[in-house]
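In the working numbering, the protein residues as written are 2 to 446. Glycine included, C-beta positions come from ideal geometry on N, C-alpha and C. The structure under discussion appears below in the form of structure tokens.
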């Protein structure tokens with residue numbers, strides 16, 4: 002027999018086997034496409050424009066924004082010690098997309114439909130893709146090519162993974178457990194991206210057919226969709242996180258730490274009673290657990306060290322209205338009748354400073370670059386030094402409803418009316434001017 006024919010036949014057989022596997026995988030993934038439709042409505046997720054060229058674009062929403070004195074002042078701003086110059090802008094003929102920073106990308110929820118999702122480039126505002134989920138979906142982004150969707154509203158345990166930049170669905174899998182909270186449709190703690198490495202999502206919940214009082218913990222690879230580890234532990238746990246060494250679980254009244262794969266906890270501790278328990282931060286040997294009543298309102302943040310020792314606790318505020326950055330926990334508090342921001346050192350709970358911010362509505366609507374804390378305000382943004390709470394002067398006086406920091410961009414948003422909202426991204430003080438052709442249309446980059 003001709004050796005060349007044998008080799009060719011072997012290669013052909015191998016290629017057919019590979020193609021067969023690919024075809025099966027494509028069929029499995031395509032069955033999940035029904036859960037995500039491509040959006041074509043640009044009013045939900047408008048295009049971004051270069052701020053310096055706003056007068057040259059023929060865009061109806063942008064023309065309407067130009068008539069707003071606040072937008073005019075924000076776009077004409079030249080920069081100061083707190084804000085660099087404006088880079089790109091979005092004008093929305095309705096509610097603003099709600100941005101969250103994802104490793105320098107901006108994931109955006111649009112309009113009133115929690116299933117609408119888009120991805121923008123934080124650097125220049127370029128919109129990468131738009132999708133609409135049939136059911137609302139939470140998501141975790143672990144790196145620039147892995148975005149994991151976790152549908153929850155209907156109790157489904159099907160999880161999907163997509164490329165973060167293209168939005169292309171890559172895999173679809175059933176996970177072996179579901180949320181254990183009293184309200185599964187509102188439970189966002191059972192799956193988390195806080196895992197201590199760059200390509201896993203962790204889940205804690207109820208496995209099918211499991212006995213009452215027994216939970217399961219699972220680790221899923223976001224690149225392949227495979228569940229790489231699963232084990233059972235005692236207790237009914239509703240939130241999970243990991244620092245890469247230990248796995249931490251929480252539920253109203255208690256928090257515990259497990260070694261990966263171990264059924265017995267390394268330690269277990271009580272936390273202030275409340276209807277909710279969730280992790281605020283797990284880093285540098287400190288575990289911050291937030292608890293609050295089921296109806297909301299004042300709660301507490303409690304810190305434990307790696308051995309389970311309770312280090313400190315702060316009560317009297319809403320622990321969800323908080324920012325954690327640079328070794329500091331900032332809480333929205335009221336002292337002496339004045340609303341403002343109180344900061345605590347995470348290492349030991351030492352109170353660092355309190356700064357009154359009279360018109361501050363929600364601290365969580367602010368953002369930080371690790372050095373400065375940017376807060377929204379009707380008379381313009383308020384900027385505080387995270388180290389000591391002193392005010393950093395700024396000449397930007399345009400009213401702002403929400404601020405977040407993404408890489409080297411400070412993104413501010415303002416809702417003018419039900420028919421008009423705008424977003425402008427500024428350079429951070431540390432950012433250098435963009436190289437290349439700064440006047441280029443961001444939609445073409």
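For the beta strand (DSSP E) containing residue 61, list its first residue and its last residue.
-> No beta strand (DSSP E) holds residue 61; the alpha helix (DSSP H) holding it covers 61 to 67.
| Any beta-carbon of chain C closer than 8 angstroms to the one on residue 306? | This model lacks chain C altogether, as it is built from one protein chain only.
> Taking the beta strand (DSSP E) that residue 73 falls in, what are its first and last residues?
Replying inline: That residue, residue 73, is in no beta strand (DSSP E); its alpha helix (DSSP H) goes 70 to 77.
inquiry  = To the nearest angstrom, how far is the alpha carbon of residue 389 from that of residue 83?
reply    = 16 angstroms
Review point. Is there contact here, the segment 36 to 45 with the segment 346 to 363, by at least three beta-carbon pairs under 8 angstroms?
Key: Touching, no.
query = Under 8 angstroms between the Cβ atoms of residue 364 and residue 330?
reply = Result no, Cβ atoms of residue 364 and residue 330 do not sit closer than 8 angstroms.
Check: On the premise that residue 381 lies in contact with residue 398, defined as a C-beta separation below 8 angstroms, what is that separation, rounded to the nearest angstrom?
Finding: 4 angstroms
Handout entry: For residue 322 and residue 426, the rounded distance between their alpha carbons
Key = Each residue's CA atom was taken as its position, placing residue 426 and residue 322 some 23 angstroms apart.
| request: Work out the CA separation of residue 374 and residue 73 for me, nearest whole Å. | output: 24 angstroms
Give me the Cα-Cα distance between residue 166 and residue 430, rounded to the nearest whole angstrom. 27 angstroms
Inset, instruction - Leaving aside the five residues before and after residue 91 along the sequence, list all residues of the same chain whose C-beta is less than 6 angstroms from its C-beta, in chain order. - result: Non-local C-beta neighbours of residue 91 in its own chain, meaning closer than 6 angstroms and more than five positions away in sequence, comprise 47, 49, 424, ordered along the chain.
Could you check the C-alpha separation between residue 249 and residue 199 for me, to the nearest Å? 18 angstroms
- Query: Looking at C-alpha atoms only, which residue of 139, 136, 100 is the closest neighbour of residue 126?
  - Reply: 100
ask   = Of all the options 102, 281, 211, 244, which has the alpha carbon lying nearest to the alpha carbon of residue 177?
value = Nearest C-alpha to residue 177: 211.
### Message
Just verifying my parser: in three-state terms, what is the DSSP assignment at residue 7?
### Response
Because residue 7 sits at a pLDDT of 45, beneath the cut-off of 50, its placement in the model cannot be relied upon, and the point is left open.
**Item:** Of the residues 159, 86, 366, the one placed nearest residue 35, counting alpha carbons only
**Value:** 159
Exercise for the section: Could you check if residue 411 is buried or exposed, using at least 16 other CB atoms within 10 Å of its CB as the buried criterion? Expected result: buried
Thinking C-alpha only, which one of 327, 266, 345, 286 is nearest residue 302?
345
* Could you name each continuous beta strand (DSSP E) segment of 3 residues or more that falls completely within the segment 115 to 141, going from the start of the chain to the end? => Qualifying beta strand (DSSP E) stretches, in chain order: 117 to 122, 128 to 134.
query: Terminal residues of the continuous beta strand (DSSP E) containing residue 306?
result: 300 to 306
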